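Chains as they are written, first to last, in our numbering: chain A, 22 to 131; chain B, 22 to 131.
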DNA sequence: ATAGTTTATCGTTTTTTTACGATAACGAAT
DNA sequence: ATTCGTTATCGTAAAAAAACGATAAACTAT
């Protein structure tokens, strides 16, 4: 990938194209959408529960969770021997706003 | 990728995880975010203009546009010798709503 | 200490994505 | 008919993503 990070952004443009793209990419896979939906539905659960609802190996699910964490959409905390995951709702709300701003972006030149 | 398409969806869950993931994936690259922002800013422009604002080869930009078209976020129409691109605002609005619904999804069991 | 449960990481393979140059296709204008 | 400007497609190479099994790490409980 060429270095888009070093290009000056347009005046009215938000700087965080990278972060926005990262979050979009994190949601750009059906398994990860599923994971998010489940977490939103049950509020919080351990990794094993997610494994049980998806037709994927444990290691694969763990990788998906890692990506979601990297994008900031999910956070996990140790809970006894297991790890409890939940959606970072602030980040998700931020994402929703960014998408809203983005998709309402118009031409306000002059 | 395993066949997530054949898994029964949870009761309250929207069916179009695939479509939502596809649109997210389309926006999951900084170059494509840039393209969308530019199109939103200038309303409509030819492909060559987009090439000129990105540090990418013409063929690469063409591929990115192809992805955005495949996701339905962008449409292009022949205009003389060139092709004029613009954002499909209805689709983008739909996407925004899907994200809004998604990110507000809560636990309403019982 | 040992055994059991849970999850992350490693190593690997396959597939997809990203990027490029070169070429083809298409329309406009000479 | 030929040339020019514009964009898509082809072929290819390099990088990243997706998936798995096996193993390691960490914490509980016996």
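All residues carry an ideal CB built from backbone N, CA and C; glycine is no exception.
Computed from a predicted model, the values in this text were never measured in an experiment.
If you reduce the DSSP assignment to three classes, tell me which class residue 21 of chain A lands in. Because chain A here runs from 22 to 131, residue 21 of chain A falls outside it and cannot be looked at.
Margin query: Distance cutoff 8 Å, beta carbons only. Does residue 114 of chain A sit that close to anything in chain B?
Written below: Walking along the first chain from the start, residue 114 of chain A turns up at place 93. Residue 114 of chain A counts as touching chain B.
Min CB distance residue 55 of chain B to chain A below 8 Å: Numbered from its first residue, the second chain carries residue 55 of chain B at position 34. Yes, because at least one Cβ of chain A sits closer than 8 Å to the Cβ of residue 55 of chain B.
**Pairwise C-alpha distance: residue 124 of chain B and residue 88 of chain B** = Locating residue 88 of chain B in the second chain gives position 67, counting from the first residue. Locating residue 124 of chain B in the second chain gives position 103, counting from the first residue. Answer to the nearest angstrom: the Cα atoms are 24 Å apart.
Which residues in the same chain as residue 65 of chain B place their Cβ atom closer than 8 Å to its Cβ, once the five residues preceding and following it in sequence are excluded? Working through the second chain from its first residue, we reach residue 65 of chain B at position 44. Within the same chain, residue 65 of chain B has close Cβ partners 105, 106 and 107.
Whole-number beta carbon distance between residue 71 of chain A and residue 59 of chain A, since they are thought to touch under 8 Å
One-based indexing of the first chain puts residue 59 of chain A at position 38. One-based indexing of the first chain puts residue 71 of chain A at position 50. At roughly 6 Å, the Cβ-Cβ gap stays under 8 Å, so residue 59 of chain A and residue 71 of chain A are in contact.
Inset, instruction - With a threshold of 16 other CB atoms inside 10 Å of the CB of residue 51 of chain B, please say whether the residue is buried or exposed. - result: Here residue 51 of chain B corresponds to residue number 30 of the second chain, with the count starting at 1. The residue is buried, with at least 16 neighbouring Cβ atoms inside 10 Å.
Within 8 Å, strictly: CB atoms of residue 41 of chain B and residue 54 of chain A: Translated into the one-based positions of the second chain, residue 41 of chain B becomes position 20. Translated into the one-based positions of the first chain, residue 54 of chain A becomes position 33. Their beta carbons are under 8 Å apart, which means residue 41 of chain B touches residue 54 of chain A by this criterion.
- 8 Å Cβ cutoff, residue 126 of chain B in contact with chain A: Taking the second chain and counting its residues from 1, the one referred to as residue 126 of chain B is at position 105. Taking Cβ atoms only, chain A reaches closer than 8 Å to residue 126 of chain B, which makes this a yes.
If you draw a straight line from the alpha carbon of residue 62 of chain A to that of residue 97 of chain B, how long is it in whole angstroms? Counting from one through the first chain, the residue named residue 62 of chain A turns up at place 41. Counting from one through the second chain, the residue named residue 97 of chain B turns up at place 76. Those two C-alpha atoms are separated by around 39 Å.
Per DSSP, cross-strand counterpart(s) of residue 98 of chain B: Taking the first residue of the second chain as position 1, residue 98 of chain B is located at position 77. According to DSSP, residue 98 of chain B bridges with B:105.
Check your understanding: Which residues in chain A sit within 7 Å of residue 49 of chain B, going by Cβ to Cβ distance?
Key -> Locating residue 49 of chain B in the second chain gives position 28, counting from the first residue. The contacting residues are 42, 45, 46 and 49.
| said: With the cut-off set at 8 Å, would you say residue 95 of chain B and residue 109 of chain B are in Cβ contact? | reply: Translated into the one-based positions of the second chain, residue 95 of chain B becomes position 74. Translated into the one-based positions of the second chain, residue 109 of chain B becomes position 88. In this structure, residue 109 of chain B lies closer than 8 Å to residue 95 of chain B by Cβ.
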